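Here's the structure, in structure tokens; my notes come after.
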Amino acid sequence: MMIHGDSNQKVIIIKANFALRSKIGSGKIAPKAILACQQVMESNAYDFKTMAGDLLKAIHSVTQKLGSGRLTRDQALEDLRILVMQFKANAAAFHYPLLSEIAQQVFDFLENIKVLDEPVLEIIAAFHETSGKLLEKEIRGKSDTRAKKIPAEFKKACERYWQKNKAGNRT
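Quick note: the sequence shown uses my numbering, first residue 4, plus one each step.
Laid out in structure tokens, this is it:
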């Protein structure tokens, strides 16, 4: 984890719990290596818009394959979860906090869905369309006046879904 401050940047080392350490092994990563990795990420000139566009195309492809019967609803739901999770993680890493927040809401929603029904697909379509427009207009943060209401609207859409479906489609 990196703390952004004046010119003095510090690295905070958080020890992993035993279960995680047993899965990945033991040993330390030198704080200098962590700082160097963080600096590479911060100065990376990679265009997130390209990656995000590819992920959005993949999300659209999943919904198209589902519609044509080339994917089961269960497989499509799993694929969408993975793609939205990747979108969220990369949006955060490349400093698109608004897109990351929206993707997190959609991911949390998908994590609680049992069956991929039409109203869920409408929320996915709204995520796809909204994310594409935000990328096109290069709107990154919630401080942009055009974007302040977007996360709240996604939250309301998910809440309306749960109100209509009660616990029927929840995992």
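By construction, the Cβ of each residue, glycine as well, lies at the ideal position given by its N, Cα and C atoms.
Bear in mind the structure is a predicted one, so any value in this text is a computation, not a measurement.
Kindly indicate which residue of the options has the alpha-carbon position closest to the one of residue i.
i, options, result
"Y164", "K140, V118, G144", "V118"
"A128", "S64, V43, T148", "S64"
"I105", "G30, K35, I142", "I142"
"V43", "F97, E114, I153", "F97"
"K159", "E139, T133, I126", "I126"
"Q89", "A55, S71, L74", "A55"
"L59", "F130, N168, I153", "F130"
"E81", "T66, E121, Y49", "T66"
"T53", "A36, S134, K31", "S134"
"D120", "P34, L38, N168, Y49", "N168"
Just to check my reading of the structure: residue i and residue j have Cβ atoms closer than 8 Å, yes? What is that Cβ distance to the nearest angstrom?
i, j, result
"K136", "K145", "Their Cβ separation, rounded to whole angstroms, is 15 Å, which puts K136 and K145 out of contact at 8 Å."
"F112", "C40", "About 32 Å separates the two Cβ atoms, so there is no contact after all."
"F51", "Y99", "6 Å"
"L83", "A94", "Going by Cβ atoms, the distance from L83 to A94 rounds to 16 Å, so no, they are not a contact pair."
Hey, residue i and residue j: beta-carbon distance below 7 Å or not?
i, j, result
"V109", "I116", "no"
"L86", "A79", "no"
Counting along the chain, where does the alpha helix (DSSP H) carrying residue i start and finish?
i, result
"I126", "121 to 139"
"I153", "153 to 168"
Within 7 Å of any Cβ in chain D, is that where the Cβ of residue i sits?
i, result
"I105", "Included in the structure is just one protein chain, with no chain D present."
Going along the chain, which unbroken runs of the alpha helix (DSSP H) with 4 or more residues stay wholly within the region 52 to 112? Unbroken alpha helix (DSSP H) stretches of 4 residues or longer found wholly inside the region 52 to 112: 76 to 96, given in chain order.
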